[in-house]
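Read the structure below first, then the notes.
Structural data, given as structure tokens:
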């Protein structure tokens, strides 16, 4: 088994565990990184969560998530900006260097309008990113989510947007589940270079029985995770591999077993 | 309601009807085109099916489907070539100008190897296409099918393959369900130009509850079908709009109602 020095786990992966349990368990297992979903911060002061991470020797790799920029009216769009700025504040407070952006999509809007509003929304949050010192990591989502989750679906679109908006406070969260099929993946990751700010791992199961909640444990599906890790490393990425499972199956298992399985399957 | 002169319906759309029933019903409804799935030709001489279409004044727009080129060994790959050549023979026999190719993908193979075998398979069928006078229409499938149905997922990949193999006997079947999300769609359709050989319509439902069998009736989802039709027309396409629904919901309805709904929703 490779060493675990680059392994991070999203709190959503071990969903039944609250933050105190998750950080204690991750720490005891020798897992050094945690992807913090915002729900796990609720109910206690942010400073207390930060201390909890530090006391357990854990790095907050990323805060998940902001975005969802498209809206049907100005009030909705403003609410999304406010929420993303709050996410930046929370990330700064707990010591996470970046907020992952799920850019959003509203079925009522056209695809070009969704994309226009996303670019506008990202641009509107850059100042706050600078003020908080926290990056925004654009996460392209699989094209099967273009209807209602994100109209940003390829690394290429992220590169185009960053070309336009600048890369000081913008990065790209490369999640193998969303991008593995892309025929332009290698060239777009090379083009992204140091923009790659996160590497998320899970697997595509055959068959996949649910569009959202049937992600597989690394190694159980068809994605060449090692090959994709090599691609982002060739582009300059040296950070964590963050295991992020949204899975009814794994959420129903005993989280200690999920954690042990992840450790055993960790390769890169 | 627009006139129906460009409307074609796939036999799979009205699945409960056999070929005699479907052609009689389509004809009576004033629908001039039919996309023939090969299962509908089983059990009678091909000449009889051809006569049945002619007697009802129907054009066979396409035969569905050949392809599935990747295999785990030479015997599997040869079987796929033989089957695709048989499809070309069948298309010629019933008067269909093209065979739609679902290119295939095997989860056991890497994505690059799947793609390599597809290009090799298509190349190996070109002679037979020339001999039968029937085109092969590459259909890019949605990226959510890259694991086990097709590793060809964008119009761009089809253009690249046709650049390599020549466009005399190759075309592209543009199915809105598979391509609507693509950020490069407009430029790749423009690049395709006259290569666009078919235009398939259905809709992406919100939510989509099944990866395969939950396609929507045109108008019931988020796809800008009229906008995509305008795109292929700008590229030079003037052929049929083929309604192809794979849908547990619509298959469970009375096919007369499905047909009436399609006629009423037909816009382009």
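Protein chains in written order, with this note's numbering: chain A, 2 to 269; chain V, 2 to 269.
Cβ atoms here follow ideal geometry from the backbone N, Cα and C, with glycine treated the same way.
Residue i in three-state terms, based on DSSP
i: residue 100 (chain V); result: strand
i: residue 153 (chain V); result: coil
i: residue 214 (chain A); result: coil
i: residue 122 (chain V); result: helix
i: residue 228 (chain A); result: helix
i: residue 248 (chain V); result: strand
i: residue 85 (chain A); result: helix
i: residue 188 (chain V); result: helix
i: residue 207 (chain A); result: coil
i: residue 41 (chain V); result: helix
i: residue 128 (chain A); result: helix
i: residue 28 (chain V); result: helix
i: residue 79 (chain V); result: helix
i: residue 168 (chain A); result: coil
i: residue 133 (chain V); result: helix
i: residue 253 (chain V); result: coil
i: residue 112 (chain A); result: helix
i: residue 95 (chain V); result: helix
i: residue 238 (chain V); result: coil
i: residue 161 (chain V); result: helix
i: residue 219 (chain V); result: coil
i: residue 71 (chain A); result: coil
i: residue 183 (chain V); result: coil
Pair within 9 Å by beta-carbon distance, residue i and residue j
i: residue 199 (chain V); j: residue 236 (chain V); result: no
i: residue 92 (chain V); j: residue 61 (chain V); result: yes
i: residue 57 (chain A); j: residue 95 (chain A); result: no
i: residue 7 (chain A); j: residue 240 (chain A); result: yes
i: residue 36 (chain V); j: residue 101 (chain V); result: yes
i: residue 32 (chain A); j: residue 54 (chain A); result: no
i: residue 105 (chain A); j: residue 157 (chain A); result: no
i: residue 11 (chain A); j: residue 254 (chain A); result: no
i: residue 228 (chain A); j: residue 206 (chain A); result: no
i: residue 179 (chain V); j: residue 208 (chain V); result: no
i: residue 260 (chain V); j: residue 26 (chain V); result: yes
i: residue 46 (chain A); j: residue 119 (chain A); result: no
i: residue 137 (chain V); j: residue 127 (chain V); result: yes
i: residue 129 (chain A); j: residue 79 (chain A); result: no
i: residue 88 (chain A); j: residue 39 (chain A); result: yes
i: residue 123 (chain V); j: residue 162 (chain V); result: yes
i: residue 197 (chain A); j: residue 146 (chain A); result: no
i: residue 41 (chain A); j: residue 73 (chain A); result: no
i: residue 43 (chain A); j: residue 64 (chain A); result: no
i: residue 5 (chain A); j: residue 267 (chain A); result: yes
Rounded distance between the beta-carbons of residue j and residue i, thought under 8 Å
i: residue 269 (chain V); j: residue 230 (chain V); result: 4 Å
i: residue 218 (chain V); j: residue 252 (chain V); result: Wrong, their Cβ atoms sit about 12 Å apart, outside the cutoff.
i: residue 152 (chain V); j: residue 116 (chain V); result: 5 Å
i: residue 248 (chain V); j: residue 215 (chain V); result: 6 Å
i: residue 155 (chain V); j: residue 189 (chain V); result: 7 Å
i: residue 144 (chain A); j: residue 182 (chain V); result: 4 Å
i: residue 99 (chain A); j: residue 135 (chain A); result: 6 Å
i: residue 148 (chain V); j: residue 113 (chain V); result: Not confirmed; about 14 Å, so no contact.
Sheet register partners of residue i (DSSP bridge)
i: residue 173 (chain A); result: A:139 and A:197
i: residue 243 (chain A); result: A:9 and A:201
i: residue 105 (chain V); result: V:151
Cutoff 9 Å: residue i Cβ touching any chain C Cβ
i: residue 80 (chain V); result: Here chain C cannot be found, since the structure's protein chains are A and V.
For residue i, the first and last residue of its enclosing beta strand (DSSP E)
i: residue 65 (chain V); result: 60-68
i: residue 18 (chain A); result: Where residue 18 (chain A) is concerned, there is no enclosing beta strand (DSSP E), given that its DSSP letter is neither H nor E.
i: residue 223 (chain V); result: Counting along the chain, residue 223 (chain V) falls outside any beta strand (DSSP E), and DSSP gives it neither H nor E.
i: residue 36 (chain A); result: 34-38
Segment limits, alpha helix (DSSP H) that includes residue i
i: residue 48 (chain V); result: 47-56
i: residue 266 (chain V); result: 256-266
Contact test: residue i Cβ vs the ligand NAP heavy atom, cutoff 8 Å
i: residue 197 (chain V); result: Although the ligand NAP was asked about, the structure shown includes no ligands whatsoever.
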